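Novice:
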Amino acid sequence: MGISNNVKYAYIVARVRAMKGKLIPKEMYPKFLNMEIPEITRIIGESEYKKDVDELGKKYRSTDLIEHALNQNLALTYRKLIEVSQNEANYLITEYLRSWDIWNIKTIIRGKFSGASEEEILEDVVSGGQLRYRDLSEIVKIGTVEGVIAAFAKTPYYPALEGYKGDLAEIENALDRMYYSNLIKAVVTTGNRLFLKFLKTEIDLKNLKMLFRMKRAGMERDEMIKLLIPGGMEFKESDLARLASLPMGEFVRALEEYSYWESISDISGELTSLMNIETRLDKYGLVYASQISYYYPLSILPILDYIVSKKIEVDNLRIIVRGKEMNLSEDIIKSHLVM
Amino acid sequence: MVDPSQMGMVAVGAGLAVGLAGIGAGLGEQAIGAAAVGAMAEDEKFFGKGLLMTVIPESIVIFGLVVSLILLFVF
Numbered sequence: 000m001g002i003s004n005n006v007k008y009a010y011i012v013a014r015v016r017a018m019k020g021k022l023i024p025k026e027m028y029p030k031f032l033n034m035e036i037p038e039i040t041r042i043i044g045e046s047e048y049k050k051d052v053d054e055l056g057k058k059y060r061s062t063d064l065i066e067h068a069l070n071q072n073l074a075l076t077y078r079k080l081i082e083v084s085q086n087e088a089n090y091l092i093t094e095y096l097r098s099w100d101i102w103n104i105k106t107i108i109r110g111k112f113s114g115a116s117e118e119e120i121l122e123d124v125v126s127g128g129q130l131r132y133r134d135l136s137e138i139v140k141i142g143t144v145e146g147v148i149a150a151f152a153k154t155p156y157y158p159a160l161e162g163y164k165g166d167l168a169e170i171e172n173a174l175d176r177m178y179y180s181n182l183i184k185a186v187v188t189t190g191n192r193l194f195l196k197f198l199k200t201e202i203d204l205k206n207l208k209m210l211f212r213m214k215r216a217g218m219e220r221d222e223m224i225k226l227l228i229p230g231g232m233e234f235k236e237s238d239l240a241r242l243a244s245l246p247m248g249e250f251v252r253a254l255e256e257y258s259y260w261e262s263i264s265d266i267s268g269e270l271t272s273l274m275n276i277e278t279r280l281d282k283y284g285l286v287y288a289s290q291i292s293y294y295y296p297l298s299i300l301p302i303l304d305y306i307v308s309k310k311i312e313v314d315n316l317r318i319i320v321r322g323k324e325m326n327l328s329e330d331i332i333k334s335h336l337v338m
Numbered sequence: 000m001v002d003p004s005q006m007g008m009v010a011v012g013a014g015l016a017v018g019l020a021g022i023g024a025g026l027g028e029q030a031i032g033a034a035a036v037g038a039m040a041e042d043e044k045f046f047g048k049g050l051l052m053t054v055i056p057e058s059i060v061i062f063g064l065v066v067s068l069i070l071l072f073v074f
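Residue numbers (numbering that gives the first Met the number 0), protein chains in the order written: chain A, 0 to 338; chain B, 0 to 74.
This is the structure:
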């Protein structure tokens with residue numbers, strides 16, 4: 000990486016590092032667990048989320064207020080990253096954050112498919128990508144899945160949606176594959192091998208989570224292979240095909256060959272909850288992003304690290320608040336937190 | 000003492016010492032300045048630290064200046 004590239008990343012990396020310094024420290028989460036919802040709302044309302052909590056305070060109350068404030072803050076933070084970055088960083092961040100467009104499209108279509116209300120769907124919409132909240136809230140008003148798909152006709156995601164024949168899993172899978180193949184293409188054109196390494200690891204973790212879920216659901220090998228995303232770092236297509244064909248016990252043993260094993264090895268004997276495994280894998284992703292961002296300080300990696308950390312902060316706060324609302328025990332809430 | 004007819008070359012040397020040191024410091028400050036502005040945009044408290052870090056490469060120019068003064072007045 001030459002001098003000019005270092006200079007290009009210096010501004011955005013320093014800014015993102017300062018933003019990361021403002022994230023809620025992990026020592027705060029156990030304290031949140033001992034608090035009641037109004038107290039947590041007050042503390043969140045005095046933190047970086049103040050503006051969002053104040054703005055939405057007239058419209059929502061209690062946990063709904065926190066949920067909307069967290070989503071709005073996440074979306075605005077990601078949009079800010081796109082706005083303050085330039086050149087290659089801007090291009091890569093924009094392409095990476097398209098995952099939120101995919102998330103929103105999936106949320107709206109799933110919501111319409113299951114007959115959820117507009118309000119329920121909007122609760123989960125995070126406009127962190129290229130699709131604006133205003134446009135998405137208009138699309139949510141459309142009554143049918145076909146109508147929603149037609150509304151996305153002018154977006155680049157339409158090719159994955161147009162083949163909809165009543166099977167949600169099919170278009171969701173098509174959206175995911177389209178997102179990752181476009182992203183890999185974009186990263187390859189810029190020649191940013193650090194991003195490619197990060198992305199391939201992310202694909203591996205996503206595939207691993209999907210494999211656990213699908214095996215638990217008892218899916219057939221061929222169905223599984225169709226849903227897995229190609230292009231991972233350690234799980235090549237032949238590995239995925241082999242892992243998909245193994246029964247659960249052997250599958251877990253086969254994972255010992257891969258580096259992801261150390262993140263789940265201590266709970267491999269008690270695979271009672273998928274949530275546990277997913278929490279561990281999320282933690283692995285978080286630690287990995289943070290580690291490699293220190294190896295290459297003036298690159299896209301610290302920005303990706305921040306994007307991952309911010310998402311996990313919002314998820315953790317949401318888990319605490321929703322867990323408290325449902326009177327779950329502290330231990331259960333704690334086991335779901337990624338920290 | 001330098002021969003008076005050679006004074007022109009000494010002046011050129013003195014100029015190069017300051018000029019090249021200035022260019023070097025400028026290159027060094029590019030990234031530091033950009034990073035300092037980025038950090039300050041997020042948190043004004045970084046102003047002091049940012050300013051300090053930005054001027055650290057300036058010391059190279061002072062070395063250049065000292066060398067040029069020695070060239071001009073000591074030789």
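Ideal placement from N, C-alpha and C gives every residue a C-beta, glycine not left out. Remember, it's a predicted structure, so these values are computed and weren't measured experimentally.
1) Would you report the Cα separation of residue 211(A) and residue 152(A), rounded to the nearest angstrom?
2) Since residue 24(B) contacts residue 57(B) with CB under 8 Å, what's their CB separation in whole angstroms?
3) Closer than 7 Å by beta-carbon distance: list the chain B residues that pair up with residue 11(A), in chain order.
4) With a CB to CB cut of under 8 Å and the five nearest residues on each side skipped, what residues in its chain are close to residue 347(A)?
5) Suppose you measure from the CA of residue 88(A) to the CA of residue 185(A); what does that come to, to the nearest Å?
6) Can you give me the start and stop residues for the alpha helix (DSSP H) that residue 29(B) sits inside?
7) Starting from residue 14(A), find everything on chain B with Cβ-Cβ shorter than 7 Å and list it in chain order.
8) Using a C-beta to C-beta distance shorter than 9 Å, which residues of chain B count as neighbours of residue 17(A)?
9) Look at residue 199(A) and residue 232(A) and say whether their C-beta atoms are less than 8 Å apart.
10) Within the segment 97 to 155 of chain A, note down every full alpha helix (DSSP H) run reaching 4 residues or more, in order along the chain.
11) Are residue 28(B) and residue 17(A) touching if we call contact CB-CB under 8 Å?
12) Can you list, in chain order, the residues of the segment 11 to 39 of chain B whose Cβ is nearer than 9 Å to any Cβ on chain A?
13) Using a Cβ-Cβ cut-off of less than 8 Å, give me the residues of the segment 299 to 320 of chain A that come near chain D, in sequence order.
14) Are there 16 or more other CB atoms within 10 angstroms of the CB of residue 35(A), so buried, or fewer, so exposed?
15) Determine whether the Cβ of residue 6(A) lies closer than 8 Å to any Cβ atom of chain B.
16) How should residue 22(B) be labelled, buried or exposed, when 16 other C-beta atoms within 10 angstroms of its C-beta is the threshold for buried?
17) Which whole-angstrom value describes the C-beta separation of residue 193(A) and residue 298(A), a residue pair presumed to lie in contact below a C-beta threshold of 8 Å?
18) Given this structure, state the Cα-to-Cα distance separating residue 181(A) from residue 207(A), to the nearest angstrom.
19) Taking the alpha-carbon positions, what's the residue 25(A) to residue 338(A) distance?
20) Determine the extent of the alpha helix (DSSP H) in which residue 290(A) is found, giving its start and end residues.
21) By Cβ distance below 6 Å, which residues in the same chain neighbour residue 234(A) in space, the five residues on each side in sequence not counted?
22) Whole angstroms is fine: what's the gap from residue 332(A)'s alpha carbon to residue 322(A)'s?
23) Can you tell me whether DSSP reads residue 318(A) as helix, strand or coil?
24) Report all residues from its chain with a CB closer than 6 Å to the CB of residue 313(A); omit the five preceding and five following residues, and keep chain order.
25) List the whole-angstrom C-beta distance separating residue 128(A) from residue 166(A), where the pair is believed to meet the contact cut-off of C-beta under 8 Å.
26) Out of 190(A), 38(A), 217(A), 221(A), which one is the CA nearest neighbour of residue 91(A)?
Specialist: Let me spell this out:
1) So the two alpha carbons sit approximately 34 Å from each other.
2) Indeed they touch by this definition, with Cβ atoms about 6 Å apart.
3) Near residue 11(A) (Cβ distances below 7 Å), the residues of chain B are 37.
4) Any answer about residue 347(A) is impossible in this case: the structure gives chain A only from 0 up to 338.
5) Roughly 12 Å between the two C-alpha positions.
6) Annotation: the continuous alpha helix (DSSP H) that includes residue 29(B) extends over 6 to 41.
7) Residues of chain B whose Cβ lies closer than 7 Å to the Cβ of residue 14(A) are, in chain order, 37, 38, 40, 41.
8) Those are 37, 38, 39, 40, 41, 42, 45, listed as they occur along chain B.
9) Yes. Within cutoff.
10) Counting whole runs of 4 or more residues, the segment 97 to 155 of chain A contains the alpha helix (DSSP H) stretches 97 to 113, 117 to 122, 132 to 139, 144 to 150.
11) Taking 8 Å as the cut-off, the Cβ atoms of residue 28(B) and residue 17(A) do not count as close.
12) Taking 9 Å as the Cβ-Cβ cut-off against chain A, the residues of the segment 11 to 39 of chain B that qualify are 26, 29, 30, 31, 32, 33, 34, 35, 36, 37, 38, 39.
13) In summary, chain D is missing from the structure at hand, where the protein chains are A and B.
14) Using a 10 angstroms sphere on the CB of residue 35(A), the tally of other CB atoms stays under 16, which defines it as exposed.
15) Taking Cβ atoms only, chain B reaches closer than 8 Å to residue 6(A), which makes this a yes.
16) Residue 22(B) comes out exposed.
17) Taking 8 Å as the upper bound for CB-CB distance, residue 193(A) and residue 298(A) are in contact here, some 5 Å apart.
18) Whole-angstrom Cα-Cα distance: 21 Å.
19) If you draw a straight line from the Cα of residue 25(A) to the Cα of residue 338(A), it comes to about 6 Å.
20) First-last of the alpha helix (DSSP H) with residue 290(A): 273 to 294.
21) If the five residues before and after residue 234(A) are omitted, its C-beta is found closer than 6 Å to the C-beta atoms of 203, 206, all from its own chain and listed in chain order.
22) As the crow flies, the alpha-carbon of residue 332(A) is around 6 Å from that of residue 322(A).
23) In the structure shown, residue 318(A) adopts helical secondary structure according to DSSP, grouped into three states.
24) Within the same chain, residue 313(A) has close Cβ partners 69, 73.
25) Cβ atoms of residue 128(A) and residue 166(A) stay farther apart than 8 Å, at about 24 Å.
26) Closest option to residue 91(A), Cα to Cα, is 190(A).
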